[in-house]
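Student: Residues in the sequence shown are numbered from -14 upward in steps of one, following this note's numbering. This is the structure, below, for whatever I ask next.
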Amino acid sequence: MKQIPVLFENTSCMVLNKPAGLPVQGGEGVTVSLDSLLAETCAVRPLLVHRLDRDTSGLILVAKNREAAAGFSALFSRRGARSGTPQDREKGVIKQYQAVCSGAPSPAQGIIRGSLDVRGRELESETFYTLISSWSVNGRDFSLLDL
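So, in structure tokens, the structure goes:
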């Protein structure tokens, strides 16, 4: 695929390494998106199962047929899959990220709870975090977190 590394592929899906700066879907002012690249380069357009923000790099799972898309979407939408306990891992997909942050959280491990406005709907959000490391550069503190 054009400039997007395919890390895994079988008859049901592909796992792509989306670079930062590439939106997953088109929209106002968007001329190139992952979805449009898939449409141009694949004989049968893969179906998006989840999204990452434009500025976020990471793995994207796309389904190659409607049955696979329904199954993968169900795994991503399970509420129990949002925490990292072993029992929850059996229920669905754990979305795990690493982020470089300004400063360092205290305590070093915890949960950030908040509300998100998603297309006019208010959704509750939980992010579990763990401090991996911290350092200073030119008098500024930074940290690497698992999210």
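Where is the CB? At the ideal position from N, CA and C, for every residue including glycine. Here the structure is a predicted model, which is why all the values come from computation and not from measurement.
1. Considering only the beta carbon of each residue, do I45 and N(-5) sit closer than 9 Å?
2. Does DSSP put T41 in a helix, a strand or coil?
3. Return the chain-ordered list of same chain residues with a C-beta closer than 6 Å to the C-beta of S110, the five sequence neighbours on each side being excluded.
4. Would you kindly work out how many angstroms separate the C-alpha atoms of S128 and Q94, rounded to a whole number?
5. Would V17 and L7 qualify as a contact pair, given that the criterion is a beta-carbon distance under 9 Å?
6. Consult DSSP for T26 and reduce its assignment to one of helix, strand or coil.
Tutor: Judging by the given coordinates:
1. In the sequence shown, the residue the question calls residue 45 occupies position 60. In the sequence shown, the residue the question calls residue -5 occupies position 10. No; because the gap between Cβ atoms is not below 9 Å, this pair is not in contact.
2. The residue given as residue 41 occupies position 56 in the sequence shown. Of the three classes helix, strand and coil, the one that applies to T41 here is coil, per DSSP.
3. Along the sequence shown, read from residue 1 onward, the residue named residue 110 stands at position 125. Only G99 and L101 meet the Cβ criterion.
4. Counted from its first residue, the sequence shown places residue 128 at position 143. Counted from its first residue, the sequence shown places residue 94 at position 109. When rounded, the distance between both Cα atoms is 12 Å.
5. What you label residue 17 is simply residue 32 of the sequence shown in a count that begins at 1. What you label residue 7 is simply residue 22 of the sequence shown in a count that begins at 1. Taking 9 Å as the Cβ cut-off, V17 and L7 qualify as a contacting pair.
6. As a first step, residue 26 is located in the sequence shown; it is residue number 41 there, counting from the start. It is helical.
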